[in-house]
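J.: The structure follows.
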Ligand code: GLA
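Residue numbers (our numbering): 41 to 394.
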C-alpha cells in the first residue's frame, strides 16, 4: 500500500489550549542509509513527546520544559537567537515555521515526554514535530504536509543544533502507522507501509547506558566520510555506488556498509512478508556486524548490551540509530525472558493533535 501524503488533521480551537503528540521511533533495519539517499525500515513507537500550547498575551513564546523544570522566553518578532540545549528546538521550530510564511501567535508551551533522551529512540525529532504541530494548531494555521514538515524539522536539527541528521526520524514520527513499519526510499522520498507481523515473536530495545549527543559524536564525521567517498567515486550519492573497490581506508568500509545495508532493508521486507523471523534475526545480526566493523559506530557498552540480548536467546540484535551509544534492538521469541532493562516495542500511530 502506498503511503498517502495527506495533510495532518487540524482543528482550530479559539482561545483554548491544544496538545500535540509525536512518537519516537525504532528503526528495524537500514542504518546510516538515510543521508545516503538509501533505504530504511522504521516504525513509530507508542512513547513520545507531547507539547501543550495555550494562547498568551503580548508577543512572546514562553516555554516550560516540564521534565527538566527549565524555562525559556523570547520575542516572536525579529531575529530569533538560537539559545542553548533544548531551547534550540523551540527557537528553531518558531523561526523555521515563520520562514515558511506561517503566521504564529504568542503562546505558552509545555513540553513533556516519556522517551529517554540520547537513547537512540529519536527524542529530538519527536520534540521538533510535536512543537511544530502545536505551534501551528494554536495559530490556527495549516502545518506543512508531512514530507515538507519532516524536512523542516530536519532543518531545525541541522541548522539549530548542529546535528547533521537525515530524514529517517522525522518521517517515521510523521508517517508511522499502528501495526506497520514504513519502508522509506529516501530517493523521493517514497514511503510504503509494511505490516509488522511478528507472530509469536517480539521486538525489544535495551538502553546501553551510553548516552550520546549526535552533534558531538562521530555522526557528522561519518557523513563527511560518505561525502568524501562520493567525490572519489564520482557519484552524487552513495545510492549510486556499485562497489567500494579502489577507495582508501576507511572509506571503502563505509561504502561497503551502505551498499549492503540497503540490500538488507529489502531482504528484511521479504523476510517479514514470508513470515521468516529467523531470517529477520540473521539480518539484524549482519547489520550489527557491519555497523560495528565497517561503519565503526559501536562502543563497548553497546557490545555488552548486544551480548546480553544474545545470552537471553535473541534471534538477532543490533545497535540502533546514530550509534556511539544509545539503544540496541533485538528480536525475541514471545516466551523469552528479556534481559534486565529491555522494553518491548510495537508500532504505534503517527504524530497527531490530541
Ligand atoms: C540518527 C539520525 C538519522 C539516521 C540514523 C542512522 O537517528 O537522526 O537521520 O541517520 O541516526 O541511521
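For glycine and all other residues, C-beta sits at the position ideal for the given N, C-alpha and C.
Please state if the CB of residue 201 and the CB of residue 164 are separated by a distance shorter than 9 Å.
T.: yes
J.: I need the straight-line Cα distance from residue 278 to residue 97, nearest angstrom please.
T.: Cα to Cα, residue 278 sits roughly 50 Å from residue 97.
J.: Leaving out five residues on either side along the sequence, give the residues of the same chain with a beta carbon under 8 Å from the beta carbon of residue 299.
T.: 278, 281, 282, 283 and 284
J.: Give the DSSP-derived three-state secondary structure of residue 382 in the structure shown.
T.: Secondary structure at residue 382: coil, using DSSP grouped into helix, strand and coil.
J.: Can you list, in chain order, the residues of its chain with a C-beta nearer than 6 Å to that of residue 167? Leave out the 5 residues immediately preceding and following it.
T.: For residue 167, same chain residues with a beta-carbon under 6 Å away, outside a window of 5 residues either side, are 89 and 129 in chain order.
J.: Can you tell me which residues form a DSSP beta bridge with residue 83?
T.: 66
J.: Relative to the alpha-carbon of residue 161, which residue among 75, 297, 246 and 375 has its alpha-carbon at the smallest distance?
T.: 246
J.: Of the residues 169, 364, 145 and 138, which one's Cα is nearest the Cα of residue 153?
T.: 169
J.: Sorry if obvious, but does the Cβ on residue 258 come closer than 8 Å to a heavy atom of the ligand GLA?
T.: no
J.: Run the Cβ filter for me: residues under 5 Å from any heavy atom of the ligand GLA, listed in the order they occur in the chain.
T.: 71, 72, 74, 205, 206, 208, 209, 361 and 362
J.: Tell whether a beta-carbon distance below 9 Å holds between residue 362 and residue 248.
T.: no
J.: Between residue 386 and residue 370, what straight-line distance do the alpha-carbon atoms span, to the nearest angstrom?
T.: Using only the alpha carbons, I get a separation of about 12 Å.
J.: Measuring alpha carbon to alpha carbon, tell me which residue in 326, 61, 190 and 241 is nearest residue 360.
T.: Nearest in C-alpha terms to residue 360, of all of 326, 61, 190 and 241, is 326.
J.: Is residue 390 buried or exposed, if buried means 16 or more other CB atoms sit within 10 Å of its CB?
T.: If you draw a 10 Å sphere on the C-beta of residue 390, you find 16 or more other C-beta atoms in it, and that means buried.
J.: Could you check what DSSP says for residue 136 in three-state terms: helix, strand or coil?
T.: helix
J.: Classify residue 88 as helix, strand or coil using the three-state DSSP reduction.
T.: For residue 88, the secondary structure class from DSSP, reduced to helix, strand or coil, is strand.
J.: Do residue 266 and residue 309 count as a contact pair if the criterion is CB distance below 9 Å?
T.: no
J.: Excluding the five sequence neighbours on either side, which residues of its own chain have a C-beta within less than 8 Å of the C-beta of residue 234, listed in chain order?
T.: 81, 220, 221, 222, 223, 309, 312 and 313
J.: Buried or exposed, going by whether 16 or more other CB atoms sit within 10 Å of the CB of residue 108?
T.: exposed
J.: Quick check for students: name the residue ranges of the beta strand (DSSP E) that lie wholly in the stretch 295-332, counting only runs of 3 or more.
T.: Entirely contained in the stretch 295-332, not one beta strand (DSSP E) run reaches 3 residues.
J.: Have a look at residue 292 and residue 335 and give me their C-alpha separation to the nearest angstrom.
T.: 10 Å
J.: Please go through the same chain and pick out, in chain order, the residues whose beta-carbon is closer than 7 Å to the beta-carbon of residue 214, but skip the five residues on each side of it.
T.: For residue 214, where only same-chain residues beyond five positions count, the Cβ hits under 7 Å are 169, 186, 189, 190, 390 and 391.
J.: Check each candidate in 349, 269, 92 and 274 and name the one with the smallest Cα separation from residue 12.
T.: Summary: the structure shown does not reach residue 12, with the chain confined to residues 41 through 394, and so no result is reported for it.
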